[in-house]
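A quick write-up on the structure given underneath.
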Amino acid sequence: MKAVLSINNISKSYGPIQALKGVSFDVPEGSVFGILGPNGSGKTTLLGTLLNVLQADSGSYEWFGGMPPEAARRQIGSLLETPNFYHYLSAVDNLDIAAAIKQRGYDDKTRVLEKVNLLERKDSKFQSYSLGMKQRLAIASALLGQPKVLVFDEPTNGLDPAGIAEIRELIRQLNKEGNTIIMASHLLDEVEKVCTHVAILKRGDLLLHGPVDEVLRSEDVIEIKAADIHTLQTIITEMPGIRQAKLSEGTLQLACADTISPQQVNEYCISKGIVLSHLLLKKKSLETKFMELTN
Amino acid sequence: MKSLLAIEWLKVKKYTTFWVLAGLFTVLLFAWNYMNSSGLLKLAGPNNIGLLTNAYKFPEIWDNVAHWTKFFSGLVAIVIIILTTNEYQYRTNRQNVIDGWSRSQFYNAKWLLVLVMTVLITVYTFLLVLIFALTNGSSMSDMGAHAEKLLYVMVMALDYFSFALTLSFFFKRSGMTIVIFLLYTYIIEIIFQQLLNWKIAWKPGNYLPLQCSAELLPFPLLKTLKSITGLAASGPTDTVLVITTIAWIIIYYFIGRAKLLRSDW
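Keeping their order, the protein sequence lines are chains A and B.
Under the working numbering, think of the first position of the first sequence as 114, with each following residue one higher.
Under the working numbering, think of the first position of the second sequence as 231, with each following residue one higher.
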């Protein structure tokens, strides 16, 4: 797959603090690419660098195979950190300025305002908006002129649960239409539900990156319980294919090979004369993976 | 270039603060000149001599109106500070770049704004000169002498405004930048000027960033007073002052540009 963005060894420090340490990866065309990391891991610094509001100390990046950066930014819809608008102007006036700079989207204002449910308030001044409305306007501005690539930094910030669901749906829909979405977030649930690819950052280090199902592969956990949990632990550890049986809050968490199914575990226990009182296949969530990686 | 200005226009055309301050400048400068030309500024005493009444005819009117334009131009400099620091306060400087401007386009757009303000203030000064000279009985045929003051107004305005712009890029907050601009312009530079000119024969104080252009538009009565008392200035010629001012303006441009191109936004 062609890459819309190639990042090559970007480093950046703020005084003694190294915010990015030689980060490299590609964002494939048509993906929903989640950039994950705890607060202060360098997500916004990375996006800010890619959008030229921050200067990298070293390394490089390329949009659309080497398009001049200004021209590339005009092709990208971006929301970085906070909604940035002229407080004394209305939504429409603010979008006029964005469209003039992007040199496109002049006649797209009504559509984007409708998409984020702001059409009724289009003539109100930005300063009169609630936090959620400001965020919606920022998303509207990013959608202006139907860009093929969207960069969203914490897109659901300040939105209520309905708003969050709407944005998630919007991202899915945009992706279905063939757009590439690059999204930074610390809300794992959000990323897990929509992303096709992830990159995980921790204190400026890129821990891993790739398609979601590859990154999270073979990470299922089988949870079991029996009356005598200690005997169960001794016996199950001997079962071929079980790598680890960890006792946690009265249940055993089994880390096992891909080939092991819950049914096989059950049969094995019965053959050893143990009756399980609890058997559960737990898909490892992104959250668990994330906590393991970043703690 | 036209599109940069068109976008700056979109930013200001509905900004009330901009129109209020611009309106204040326009009205106050007119009212102040009107007050002087109609003889309201008087010496006390039985004869009630109008101090500046005669100075509202060609050619002296150039010196007078131009001086008062300088006096009020601090207000326009404040408008420029507000328009520039707003971008930092609202973080729209970032958004402009994110949306596809290069950093130098953002920078040059603000300089274009300064140029437009300079041209407008020069044209307004010219109109005031015409209005007051003609209503005070001057003839158009006499307007040539001292008309170089209009060029000096332009140079002075560009100096003050671009200085204010450069300060805005460094201090970023409107309140702080305005205070620093006012303190520097009306107090600090004058102290430096006096200190530098005190003992040094070539009067280096006259070459300070704003003083060099302020010297071009002195208070007209001061010149008369100096010639009466024999204290006629031995400072640099107007040509030297104009060249110095242009040099400072070029320096501001490159300092501001280096700062904006290299730093994080």
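Beta carbons: idealized from backbone N, C-alpha and C, even for Gly.
Computed from a prediction, not measured in an experiment: that's the story for all the values here.
| Asked | Found |
| --- | --- |
| Distance between L446 (chain B) and D468 (chain B) (C-alpha atoms, nearest Å) | 6 Å |
| Entirely enclosed beta strand (DSSP E) segments - the stretch 211–263 of chain A, minimum 3 residues | none |
| Closest by C-alpha distance to S137 (chain A), when choosing among A:G143, A:S119 and A:I148 | A:S119 |
| Contacts of E183 (chain A) in chain B (Cβ-Cβ under 9 Å) | V327, G330, W331, S332 and Q335 |
| D236 (chain A) beta carbon less than 8 Å from that of S203 (chain A) | yes |
| Burial state of H343 (chain A) (16 or more Cβ within 10 Å) | exposed |
| Segment contact flag, the stretch 156–168 of chain A with the stretch 253–270 of chain A, C-beta cutoff 8 Å, min 3 pairs | yes |
| Spatially closest choice to F248 (chain B) from B:A307, B:A431 and B:Q424, by CA coordinates | B:A307 |
| Given 8 Å, three or more beta-carbon pairs between the stretch 319–333 of chain B and the stretch 183–200 of chain A | yes |
| Any chain A beta carbon closer than 8 Å to K241 (chain B) | yes |
| Beta-bridge partners of S124 (chain A), as assigned by DSSP | A:S171 |
| The stretch 304–323 of chain B / the stretch 400–416 of chain B touching (three or more Cβ pairs under 8 Å) | yes |
| Residue burial classification, V349 (chain B) (beta-carbon count within 10 angstroms, cutoff 16) | exposed |
| Sequence-distant residues of its chain with Cβ nearer than 6 Å to G172 (chain A) (five each side left out) | N121, N122, I123 and S124 |
| 8 Å Cβ cutoff met for L392 (chain A) and K315 (chain A) | no |
| Per-residue DSSP class, three states only, for Q357 (chain A) | strand |
| Inter-stretch contact (C-beta, 8 Å, three-pair minimum) for the stretch 352–363 of chain B and the stretch 216–231 of chain A | no |
| Residues that DSSP places opposite E336 (chain A) in a beta bridge | A:Q366 and A:L393 |
| W331 (chain B), DSSP secondary structure in three states | coil |
| Interface residues of chain B facing I214 (chain A) [CB-CB closer than 7 Å] | I237, N326, D329, G330 and W331 |
| Inter-stretch contact at 8 Å, needing at least 3 Cβ pairs: the stretch 147–155 of chain A / the stretch 234–243 of chain B | no |
| Amino acids of chain A, ordered along the chain, whose beta-carbon sits closer than 9 Å to that of D389 (chain B) | Within chain A, no residue comes near D389 (chain B); the closest Cβ sits about 28 Å away, beyond 9 Å. |
| Beta-ladder partner(s) of T293 (chain A), from DSSP | A:V262 |
| L345 (chain B) versus B:F393, B:P450, B:E378 and B:S268, residue with shortest Cα-Cα distance | B:F393 |
| Chain B within 8 Å of D206 (chain A), Cβ atoms only | yes |
| Cutoff 8 Å: S191 (chain A) Cβ touching any chain B Cβ | yes |
| Local conformation of D273 (chain A) per DSSP, three classes | coil |
| Beta carbon proximity, D220 (chain A) to chain B, threshold 8 Å | no |
| Pairwise C-alpha distance: E336 (chain A) and D302 (chain A) | 22 Å |
| Sufficient close CB pairs (3 or more, under 8 Å) joining the stretch 240–259 of chain B to the stretch 346–364 of chain A | no |
| R324 (chain B) and V166 (chain A) closer than 8 Å at C-beta | yes |
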